[in-house]
Every structure is written in structure tokens, then in C-alpha cells.
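Structure first, then comments.
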Amino acid sequence: MLRMLSVPFSIFFGCVLGGVTVIGIVGNLFVIIAILGDRKMRKSAMNLLLLNLAIADLLYVATFVHAWLPILLYGNGGWILPNVWCAPTRYLSNVFIITSMLTYMAICIERYIAIIHPMKAARFCSRNNILCIVLGIWLFNLVFQAPYLALYIAVPIPGETAISLCHNTQGNHPYWLTFKWVEMVVSFVVPCLVSVVLYTIICRELWSTSSLLNKAQNSIVSHKNGKSKEKNPVTETLAARRSVVKMLITCVVLFYVCYIPMESFFVYGFFWHARLPIPHEGLLVITSMVCGISAFNPFLYTLFSKTFRARVRQIIVSCCGCRKTSHTIRPSQRSITRTTSSFGRI
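The working numbering runs 8 ahead of the 1-based position in the sequence shown.
Below is the structure:
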């Protein structure tokens with residue numbers, strides 16, 4: 009198989025993707041440990057969904073190795089793993105990435121119910137219901153993505169012994185094209201539209217509702233001596249919910265911005281019956297964007313969530329065995345946990 013990339017570019021791109029893979033595995037492991045290791049976090053509906061998102065992202069980043077390893081070794085997008093792994097790897101990669109998409113939508117709906125219809129949150133967003141939703145997402149994707157498992161095979165390349173092609177044998181069949189359109193609508197269009205509509209309603213509620221804003225502006229209460237001041241709980245709750253919404257919107261926007269170029273390949277090929285005319289380097293950049301957003305979600309959590317930052321510090325301190333430092337973190341962590349809806353109960 010011909011080398012499609014120069015040696016310097018292969019080394020650079022392979023190292024970048026290898027670094028993204030390591031960062032994604034470590035970062036998402038931190039999210040999983042942070043949530044599973046805290047009882048209060050595990051009771052939150054949104055945290056359970058974020059846990060599911062981290063698991064799906066971790067698994068997707070791990071299976072993405074098949075994409076960058078041939079680039080590093082051979083300068084092309086061939087298949088170097090055992091041939092029997094071709095179909096399962098493509099199948100699981102799609103299961104994991106679409107699970108992430110549907111989990112984003114589930115998080116959006118959960119936030120909408122919790123903020124816009126708080127009286128219904130206890131009934132619709134209970135822990136058992138969320139666990140059923142998570143299980144349903146996984147079962148749906150495991151069945152829905154079955155065509156990948158059935159149609160992809162490793163095709164030998166004449167004259168090559170170390171590399172082959174992981175190829176869809178029915179890539180131009182009408183049934184496959186119909187399946188791809190349904191897949192795009194279910195996993196991309198619908199979650200995107202739901203997120204836009206519901207987050208717009210949520211933002212309007214949090215930033216434009218006069219009653220909440222008035223309470224927030226008049227939230228400073230003076231003590232008898234007139235010197236000591238503290239924030240009203242309404243202010244802290246409002247600020248925490250805004251911070252969560254900012255984090256989630258940022259995650260969703262970055263995810264879909266990174267995923268749109270990938271979907272454009274299918275749409276272009278369907279209407280123009282040709283491959284999108286971009287160099288192989290551009291294709292690799294677009295492919296790596298999807299892996300990148302799955303890898304860097306934990307950094308967005310760290311940026312927006314005080315609770316998660318405290319949990320990360322606690323985990324690092326625990327791993328280092330620095331018990332004295334961990335005692336100084338706990339009081340602030342308790343106050344943060346009460347007021348933060350990102351990795352919290354709000």
C-alpha cells in the first residue's frame with residue numbers, strides 16, 4: 009500500500025494522536041473515579057449521565073488506536089490489527105461515539121426538567137430512571153449499529169503482508185445508504201435540534217427571568233455589625249446552575265462543530281457520488297477532531313466545575329499519600345458541593 013503521508017508528517021500526526029489518546033484515557037478515568045468515589049456525586053442524576061459520557065468517551069478514545077497507529081508506522085490509513093478485529097472495532101467505535109451523542113441529549117433533557125420544571129424532576133429524573141435511560145441508550149446502540157458488525161471485513165492488499173484494508177463490502181448498496189441517513193438523523197440531527205431548543209429555553213430562564221435576577225442582585229445580607237457579609241443561597245444556586253449550563257453548552261457546541269465535517273463526507277458522497285476533494289492530511293485532521301473532543305471533555309469539566317477541581321485535587325493527594333493536604337481540602341469541598349450543580353445535586 010502506497011505511503012500517502014510524508015515521514016515527518018506521519019511521525020508528527022501519529023505522535024499527536026497518540027498523545028490525545030493518552031490524555032483522553034487519563035482524563036476520562038479521572039472523571040469516572042471522581043464520580044464513583046463520591047457518594048453525593050453518585051446520587052445526582054446529571055452526574056450519572058456525565059459518568060456514562062466519560063465511559064463512552066474513554067472507550068471511544070481507546071478504540072481510536074486503530075486509526076492513528078497505521079499513520080505512525082506506514083503513513084496511511086490501512087488496517088494493521090488482526091483481521092478478525094476489523095468488524096468489531098468499527099462496530100464498537102460507532103457504538104461508543106453515538107452513545108456519547110445520545111448522552112449529550114439526555115443531559116440536556118435532564119437539565120431542562122431540573123431547571124424549567126423542578127417539581128417534576130424528582131419523578132422523571134430519579135436515579136432509577138436515569139439508570140434505565142443509560143441502559144436503554146447502550147442497548148439501542150448495540151442493536152442499531154449491528155450493520156457495521158455484519159458488513160465490514162479486512163480485505164488483503166496484493167503484495168502486502170503487514171497491512172490490509174478494513175472495508176465495507178456494501179458501501180454503495182441502497183440499504184446501506186438508507187441506514188446511514190437514518191443513523192445521521194437519529195444520532196446527529198435530532199440530538200442537535202433538541203439541544204439547541206432546550207438550551208435556548210434554559211438560558212432564557214436563567215439569564216432573563218426578572219424574579220431570579222432581582223433575588224440575585226439583592227442577595228447580600230449584612231450582619232448586626234454591618235461588616236460581615238455573605239451571599240444569599242439563591243445567588244449561589246443561580247450562579248451554579250449558570251456555570252453548569254455554560255459548561256454543557258460548550259461541550260455540546262464543540263462536539264457538534266468537530267463532528268459536522270465528518271458527517272459532511274457522507275452527505276457530499278451521497279449527492280455528488282464522489283469523495284470530498286480534500287487531501288489525505290485534511291481527512292486525518294477531521295477524523296482526529298472527533299477523537300479530540302472526546303479526550304478533552306474532562307478539561308472543560310475542570311474549567312467550569314469547582315467541585316470537580318476539588319475532587320481531582322483530592323484524588324491526586326490521595327494517590328500521593330499526602331494526608332495532611334487532603335484535610336485542608338475537605339471543608340471547602342463541602343461548601344462547594346452544596347452549591348454546585350456540575351457534579352452536584354442541583
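We treat Cβ as the ideally placed atom computed from N, Cα and C, and that holds for glycine. If you're wondering where the values come from, they're calculated on a predicted model, not measured in any experiment.
Worksheet item: The beta strand (DSSP E) with Ser172 in it runs from where to where?
Response: Here residue 172 corresponds to residue number 164 of the sequence shown, with the count starting at 1. For Ser172, the enclosing beta strand (DSSP E) stretches over residues Ser172 to Asn176.
Worksheet item: From which residue to which residue does the beta strand (DSSP E) around Ile161 run?
Response: Residue 161 sits at position 153 when you count from the first residue of the sequence shown. Taken as a continuous stretch (DSSP letters only), the beta strand (DSSP E) holding Ile161 covers Tyr160 to Pro164.
Item to complete: Look up Trp87 in the DSSP assignment and give the residues it is bridged to.
Response: By one-based count along the sequence shown, residue 87 stands at place 79. Per the DSSP secondary-structure output, Trp87 pairs in a beta bridge with Ser172.
Worksheet item: Can you find at least 3 beta carbon pairs, one from the segment 249–261 and one from the segment 110–123, that sit closer than 8 Å?
Response: In the pairwise beta carbon analysis, the segment 249–261 is classified as touching the segment 110–123: at least three pairs are separated by under 8 Å.
Discussion item. Judging by CA-CA distance, which residue of Val24, Val15 and Val34 is the nearest neighbour of Phe307?
Written reply: Here the question's residue 307 lines up with position 299 in the sequence shown. The residue among Val24, Val15 and Val34 with its C-alpha nearest the C-alpha of Phe307 is Val34.
Discussion item. Within 8 Å, do at least three Cβ pairs link the segment 57–66 to the segment 78–98?
Written reply: Fewer than three pairs of CB atoms, one per stretch, sit closer than 8 Å, so the segment 78–98 makes no contact with the segment 57–66.
Worksheet item: How many Å lie between Ile123 and Ile210 at the Cα?
Response: Against the sequence shown, residue 123 aligns to sequence position 115. Against the sequence shown, residue 210 aligns to sequence position 202. Each residue's Cα considered, the two are about 7 Å apart.
Discussion item. Just to confirm before moving on: does the CB-CB distance between Cys94 and Ile161 stay below 8 Å?
Written reply: Counting from one through the sequence shown, the residue named residue 94 turns up at place 86. Counting from one through the sequence shown, the residue named residue 161 turns up at place 153. A contact, by the Cβ cut-off of 8 Å.
Discussion item. Going by DSSP in three states, Cys211 sits in which element: helix, strand or coil?
Written reply: The residue you call residue 211 lines up with position 203 of the sequence shown. Judged by DSSP in its simplified three-state form, Cys211 adopts helix.
Discussion item. I'd like to know if Gly22 contacts chain C, where contact means its C-beta is closer than 8 Å to some C-beta of that chain.
Written reply: Chain labels in this structure do not include chain C; a single protein chain is all it has.
Worksheet item: For the 8 Å Cβ check, are there 3 or more pairs between the segment 161–173 and the segment 118–133?
Response: Contact fails: fewer than three Cβ-Cβ distances are below 8 Å.
Practice prompt. Check whether the Cβ atoms of Ala53 and Thr107 lie closer than 8 Å to each other.
Written response: The residue you call residue 53 lines up with position 45 of the sequence shown. The residue you call residue 107 lines up with position 99 of the sequence shown. The answer is no: Cβ separation not under 8 Å.
Worksheet item: Leaving out five residues before and five after Arg317 in sequence, what residues of the same chain have Cβ atoms less than 8 Å from its Cβ?
Response: Position 309 of the sequence shown, counted from the start, is the residue given in the question as residue 317. By the criterion of a C-beta distance shorter than 8 Å, Arg317 is surrounded in its chain by Thr310, once the five residues flanking it on both sides are discounted.
Worksheet item: Smallest Cα separation from Phe278: which of Ile138, Pro78, Trp184 and Phe17?
Response: Translated into the one-based positions of the sequence shown, residue 278 becomes position 270. Ranking Ile138, Pro78, Trp184 and Phe17 by Cα distance to Phe278 puts Trp184 first.
Worksheet item: In whole angstroms, what is the alpha-carbon distance linking Glu191 and Ser101?
Response: Position 183 of the sequence shown, counted from the first residue, corresponds to residue 191. Position 93 of the sequence shown, counted from the first residue, corresponds to residue 101. About 14 Å.
Worksheet entry | Close Cβ partners of Val298 (< 8 Å) along its chain, the five nearest in sequence each way excluded | For this step, residue 298 is matched to residue 290 along the sequence shown. Here Val298 has Ile105, Cys266, Tyr267 and Met270 as same chain residues with Cβ atoms under 8 Å from its own Cβ, once five neighbours each way along the sequence are excluded.
Discussion item. Is Ala248 close to the ligand MG? I mean its beta-carbon at under 7 Å from any heavy atom of the ligand.
Written reply: Of the ligands one can find in the structure shown there are none, so the ligand MG has no counterpart to examine.
Practice prompt. With DSSP collapsed to three states, give me the class of Arg98.
Written response: The residue labelled residue 98 in the question sits at position 90 within the sequence shown. Of the three classes helix, strand and coil, the one that applies to Arg98 here is helix, per DSSP.
Practice prompt. In angstroms with no decimal places, state the Cα-to-Cα distance between Ile138 and Val198.
Written response: What you label residue 138 is simply residue 130 of the sequence shown in a count that begins at 1. What you label residue 198 is simply residue 190 of the sequence shown in a count that begins at 1. The alpha-carbon of Ile138 is positioned some 20 Å away from that of Val198.
Discussion item. Using only the alpha-carbon positions, how far apart do Leu214 and Cys133 sit?
Written reply: Position 206 of the sequence shown holds residue 214. Position 125 of the sequence shown holds residue 133. Rounded to the nearest angstrom, the two C-alpha atoms are 20 Å apart.
Discussion item. Please state the DSSP three-state secondary structure of Gln153.
Written reply: Here residue 153 refers to the residue found at position 145 when the sequence shown is read from its first residue. Residue state, collapsed to three classes: coil.
Worksheet item: According to the Cβ coordinates, are Leu157 and Tyr68 closer than 8 Å?
Response: For the purposes of this step, residue 157 is identified with residue 149 of the sequence shown, where counting begins at 1. For the purposes of this step, residue 68 is identified with residue 60 of the sequence shown, where counting begins at 1. Taking 8 Å as the Cβ cut-off, Leu157 and Tyr68 do not qualify as a contacting pair.
Worksheet item: Does the beta-carbon of Gly22 have 16 or more other beta-carbons within 10 angstroms, so that it is buried, or is it exposed?
Response: The residue given as residue 22 occupies position 14 in the sequence shown. Buried, since its Cβ has 16 or more Cβ neighbours within 10 Å.
Worksheet item: When you compare only the Cα positions, how much space is there between Ala170 and Tyr264?
Response: Your numbering for residue 170 matches position 162 in the sequence shown. Your numbering for residue 264 matches position 256 in the sequence shown. Distance between the alpha carbons of Ala170 and Tyr264: 36 Å.
Discussion item. Once the 5 residues before and after Phe187 are set aside, which same chain residues still bring their CB inside 7 Å of it?
Written reply: Numbered from 1 along the sequence shown, position 179 holds the residue referred to as residue 187. Contacts found: Pro155.
Fill in: Euclidean distance between Cα positions of Ser326 and Ile31
Within the sequence shown, numbered from 1, the residue matching residue 326 stands at position 318. Within the sequence shown, numbered from 1, the residue matching residue 31 stands at position 23. Rounded to the nearest angstrom, the gap between the Cα atoms of Ser326 and Ile31 is 20 Å.
Worksheet item: Span of the alpha helix (DSSP H) holding Ile360?
Response: Outside the shown range of the chain, which is 9 to 354, sits residue 360, and nothing can be said about it.
Practice prompt. Assign Asp65 to one of three DSSP states: helix, strand, or coil.
Written response: The sequence position of residue 65 within the sequence shown is 57, counting from 1. Secondary structure at Asp65: helix, using DSSP grouped into helix, strand and coil.
Fill in: C-alpha distance - Gly85 paired with Ile19, whole-angstrom precision
Here residue 85 is taken as the residue at index 77 of the sequence shown, counted from 1. Here residue 19 is taken as the residue at index 11 of the sequence shown, counted from 1. Approximately 14 Å, taken between the alpha carbons.
Discussion item. Taking its Cβ as the centre, do 16 or more other Cβ atoms sit within 10 Å of Glu289, making it buried, or is it exposed?
Written reply: Along the sequence shown, one-based indexing puts residue 289 at 281. With fewer than 16 neighbouring CB atoms inside 10 Å of its own CB, Glu289 falls in the exposed class.
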